[in-house]
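Residue numbers (this note's numbering), protein chains in the order written: chain E, 197 to 509; chain X, 197 to 509.
2 protein chains.
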Amino acid sequence: MVFNQLKDGVKWPSSIQVCEVGPRDGLQNEKTLLTVEQKVELIERSVQAGVKIIEIGSFVHPKAVPPMADTDAVARRLKRVEGVEYRALVLNIKGLERAEAAGIRKAKLTVSASRAHSLSNLNKTPEEAVRGFTESAEYAASRGMVLSGAISTAFGCPFEGKVSLEQVLSVVECFREIGVKELSLSDTTGMANPQQVYEYGLRVKEQFPDVTWNLHFHNTRGMGLANVVAGMMAGIDRYDACFAGLGGCPFAPGASGNIATEDLIHMCHEMGIETGIDLDQVISIGRYVQELIGHDTSSFILKAGKCSDIVKA
Amino acid sequence: MVFNQLKDGVKWPSSIQVCEVGPRDGLQNEKTLLTVEQKVELIERSVQAGVKIIEIGSFVHPKAVPPMADTDAVARRLKRVEGVEYRALVLNIKGLERAEAAGIRKAKLTVSASRAHSLSNLNKTPEEAVRGFTESAEYAASRGMVLSGAISTAFGCPFEGKVSLEQVLSVVECFREIGVKELSLSDTTGMANPQQVYEYGLRVKEQFPDVTWNLHFHNTRGMGLANVVAGMMAGIDRYDACFAGLGGCPFAPGASGNIATEDLIHMCHEMGIETGIDLDQVISIGRYVQELIGHDTSSFILKAGKCSDIVKA
Numbered sequence: 197m198v199f200n201q202l203k204d205g206v207k208w209p210s211s212i213q214v215c216e217v218g219p220r221d222g223l224q225n226e227k228t229l230l231t232v233e234q235k236v237e238l239i240e241r242s243v244q245a246g247v248k249i250i251e252i253g254s255f256v257h258p259k260a261v262p263p264m265a266d267t268d269a270v271a272r273r274l275k276r277v278e279g280v281e282y283r284a285l286v287l288n289i290k291g292l293e294r295a296e297a298a299g300i301r302k303a304k305l306t307v308s309a310s311r312a313h314s315l316s317n318l319n320k321t322p323e324e325a326v327r328g329f330t331e332s333a334e335y336a337a338s339r340g341m342v343l344s345g346a347i348s349t350a351f352g353c354p355f356e357g358k359v360s361l362e363q364v365l366s367v368v369e370c371f372r373e374i375g376v377k378e379l380s381l382s383d384t385t386g387m388a389n390p391q392q393v394y395e396y397g398l399r400v401k402e403q404f405p406d407v408t409w410n411l412h413f414h415n416t417r418g419m420g421l422a423n424v425v426a427g428m429m430a431g432i433d434r435y436d437a438c439f440a441g442l443g444g445c446p447f448a449p450g451a452s453g454n455i456a457t458e459d460l461i462h463m464c465h466e467m468g469i470e471t472g473i474d475l476d477q478v479i480s481i482g483r484y485v486q487e488l489i490g491h492d493t494s495s496f497i498l499k500a501g502k503c504s505d506i507v508k509a
Numbered sequence: 197m198v199f200n201q202l203k204d205g206v207k208w209p210s211s212i213q214v215c216e217v218g219p220r221d222g223l224q225n226e227k228t229l230l231t232v233e234q235k236v237e238l239i240e241r242s243v244q245a246g247v248k249i250i251e252i253g254s255f256v257h258p259k260a261v262p263p264m265a266d267t268d269a270v271a272r273r274l275k276r277v278e279g280v281e282y283r284a285l286v287l288n289i290k291g292l293e294r295a296e297a298a299g300i301r302k303a304k305l306t307v308s309a310s311r312a313h314s315l316s317n318l319n320k321t322p323e324e325a326v327r328g329f330t331e332s333a334e335y336a337a338s339r340g341m342v343l344s345g346a347i348s349t350a351f352g353c354p355f356e357g358k359v360s361l362e363q364v365l366s367v368v369e370c371f372r373e374i375g376v377k378e379l380s381l382s383d384t385t386g387m388a389n390p391q392q393v394y395e396y397g398l399r400v401k402e403q404f405p406d407v408t409w410n411l412h413f414h415n416t417r418g419m420g421l422a423n424v425v426a427g428m429m430a431g432i433d434r435y436d437a438c439f440a441g442l443g444g445c446p447f448a449p450g451a452s453g454n455i456a457t458e459d460l461i462h463m464c465h466e467m468g469i470e471t472g473i474d475l476d477q478v479i480s481i482g483r484y485v486q487e488l489i490g491h492d493t494s495s496f497i498l499k500a501g502k503c504s505d506i507v508k509a
């Protein structure tokens, strides 16, 4: 039989960049507090597995997020590795100063795209919240630190339902004004769908071609990897994921968390998309995380194994 | 099919057809046996919710699949509804005769695309297995019954790993030779990935444009809905799903089952794709199924709720 070339041209990226957010977005929700040593071990094993970007924690008030209280100590203990980026979440200039003191060169500022959510949380619109980062941006620039921005509830929000593309673009504009060139659209509440991800992804890339775009999905409603596929179709090649699929959503207790690093990498490798990461090592990190926190998680590959595992030799 | 064309050429269907396979592919794996009345109730509630195609059971040897032993009784009890198709799985002419006697007009013949799997199970190649249906096809034609074909392990198989597109096309060819015009590619073992689904979907449609194509996915490795999205991109608009996400994979005990009907419909409606099905009714059927079988299942929406559920009024 002779086959014709594919007619329609959906193009997958030949490789994607996976950012491990487990030490921050995963562990911040866990009741079991890990030690500094355990966190450092997880991060260094991720580096060993080939992960090049790791969100190692957050410099926020220790009482607000107790599992993140030791981020300074974790950051100080990490071996710096050529080509590996350790980034941390900060909320303001205080966090930025702590990050710098601990040797972290890349900080992520976060803002909610939802006007209602932002007003309720901070009594500021999203745009005002971003403009409030101006001093932080100047501080970072003067110290040679790099800032990225995370736009949370970029697709949907419990306070106002679907978040419009116009609203997202307006927040992006503000981030650009303060000089931030790397941005993430985050589906914190698991409300994004593939059509929306594709549409928003295409438009932000079109409107802001000089921005480096990241996507961050939770698998709350089963659409996590479908959203990754939609993001790839829109030409975005940087994705957050979390070891063992930790993390959750305060609005849906018991629901699935972040997409699992092992699930994302498994899918990519099956699709012929390179990640530069050793899947078996990531799986073994995931199992270790489950041991440390003492409960089952929403990872698929930790349950079912890789496709190749069930193939008889 | 009408497509909403987006700028860079990704086309989503404006509507899809969802086939409820729960009464067959879901319940056949459950330890708790439902009564005929309970099965009829589930099927009739699905019809009420707007489902137009339901796989009501299988006419196989009662000892081989005890939960399906009462399919004759179920079929006899069902009210016929204009525009609703009740289909059943059969393995041979005996099953077809039982289906006919019970008033079922549409039967699904199944064959494994994997040579190694088919030889091990039936001592026949997939092509020989399909040709073995010739008598069934003639019987069906003479009785005015309609046959569809399911090609299981169409993407991957524990006996031989990835199943090649050439192998799948060769099985399709045999089905066409015996006059079957509706076919399903089934990812029984949860080994399909979006790149492969897109590629196989495009090619089978191109090569056999007169066939009505269906896709059947399990969420074993988290790629279920991602594969649906890839199938839609290839222009396929008929998908199997199972209430509450029942079903499993003998090769990965404890893993997720079929994609859940409520998860699929929820994603489609969020994407603006019509299904003609009432999501709330489907969710309530899913909850009832969980009650009947007495355990939790791998449905996301039954855990997390719809996106709209968390939006404050």
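Just so you know, even glycine gets a beta-carbon here, dropped at the ideal spot from N, CA and C.
Using a cut-off of 7 Å between C-beta atoms, extract the partners of residue i located in chain E.
| i | result |
| --- | --- |
| residue 352 (chain X) | 503 |
| residue 355 (chain X) | 508 |
| residue 278 (chain X) | Those do not exist, as residue 278 (chain X) stays about 32 Å from chain E at its closest Cβ, beyond 7 Å. |
| residue 313 (chain X) | Under the 7 Å cutoff, chain E gives no residues; its nearest Cβ is about 10 Å from residue 313 (chain X). |
| residue 245 (chain X) | The contacting residues do not exist; residue 245 (chain X) stays about 19 Å from chain E at best. |
When the cut-off is 8 Å and only beta carbons count, does residue i lie next to chain E?
| i | result |
| --- | --- |
| residue 409 (chain X) | no |
| residue 459 (chain X) | yes |
| residue 484 (chain X) | no |
| residue 466 (chain X) | yes |
| residue 462 (chain X) | yes |
| residue 346 (chain X) | no |
| residue 269 (chain X) | no |
Indicate the three-state DSSP secondary structure (helix, strand or coil) for residue i in the structure shown.
| i | result |
| --- | --- |
| residue 388 (chain X) | coil |
| residue 155 (chain X) | Outside the shown range of chain X (197 to 509) lies residue 155 (chain X), about which nothing can therefore be said. |
| residue 408 (chain E) | strand |
| residue 218 (chain X) | helix |
| residue 307 (chain X) | strand |
| residue 459 (chain X) | helix |
What number of angstroms, rounded off, separates the C-alpha of residue i from the C-alpha of residue j?
| i | j | result |
| --- | --- | --- |
| residue 263 (chain E) | residue 211 (chain E) | 33 Å |
| residue 320 (chain E) | residue 305 (chain E) | 15 Å |
| residue 416 (chain X) | residue 450 (chain X) | 9 Å |
| residue 486 (chain X) | residue 444 (chain X) | 15 Å |
| residue 358 (chain E) | residue 454 (chain X) | 28 Å |
| residue 289 (chain E) | residue 222 (chain X) | 54 Å |
| residue 434 (chain X) | residue 332 (chain E) | 52 Å |
| residue 477 (chain X) | residue 249 (chain X) | 16 Å |
| residue 322 (chain E) | residue 342 (chain E) | 21 Å |
| residue 500 (chain X) | residue 447 (chain X) | 28 Å |
| residue 414 (chain X) | residue 231 (chain X) | 26 Å |
| residue 280 (chain E) | residue 272 (chain E) | 15 Å |
| residue 199 (chain E) | residue 399 (chain X) | Since pLDDT at residue 199 (chain E) reaches only 31, below the 50 mark, its modelled position is unreliable, and the value read off the structure follows with that caveat. Answer to the nearest angstrom: the Cα atoms are 8 Å apart. |
| residue 253 (chain E) | residue 427 (chain X) | 38 Å |
| residue 440 (chain X) | residue 310 (chain X) | 29 Å |
| residue 457 (chain E) | residue 291 (chain X) | 45 Å |
Along chain E, in chain order, which residues have C-beta atoms closer than 9 Å to that of residue i?
| i | result |
| --- | --- |
| residue 496 (chain X) | 386, 415, 416, 417, 418, 419, 451 and 452 |
| residue 265 (chain X) | Simply none; closest approach about 29 Å. |
Checking contacts by CB at 8 Å: is residue i closer than that to chain X?
| i | result |
| --- | --- |
| residue 317 (chain E) | no |
| residue 390 (chain E) | yes |
| residue 447 (chain E) | yes |
| residue 304 (chain E) | no |
| residue 309 (chain E) | no |
| residue 499 (chain E) | yes |
| residue 422 (chain E) | yes |
Any beta carbon of chain B sitting closer than 8 Å to that of residue i?
| i | result |
| --- | --- |
| residue 405 (chain X) | Absent here is chain B; the protein component of the structure consists of chains E and X. |
Since residue i meets chain E, which of its residues come closer than 8 Å, beta carbon to beta carbon?
| i | result |
| --- | --- |
| residue 320 (chain X) | The contacting residues do not exist; residue 320 (chain X) stays about 20 Å from chain E at best. |
| residue 491 (chain X) | Near residue 491 (chain X) there are no residues of chain E at all, since even the closest Cβ is about 15 Å away, more than 8 Å. |
| residue 394 (chain X) | 206 |
Q) In chain order, what residues of the region 426 to 439 of chain E put their CB closer than 7 Å to some CB of chain X? A) 426 and 429
Q | Contact list for the region 280 to 292 of chain X against chain E, Cβ threshold 9 Å | A | Of all residues in the region 280 to 292 of chain X, none is placed with a Cβ closer than 9 Å to any Cβ belonging to chain E.
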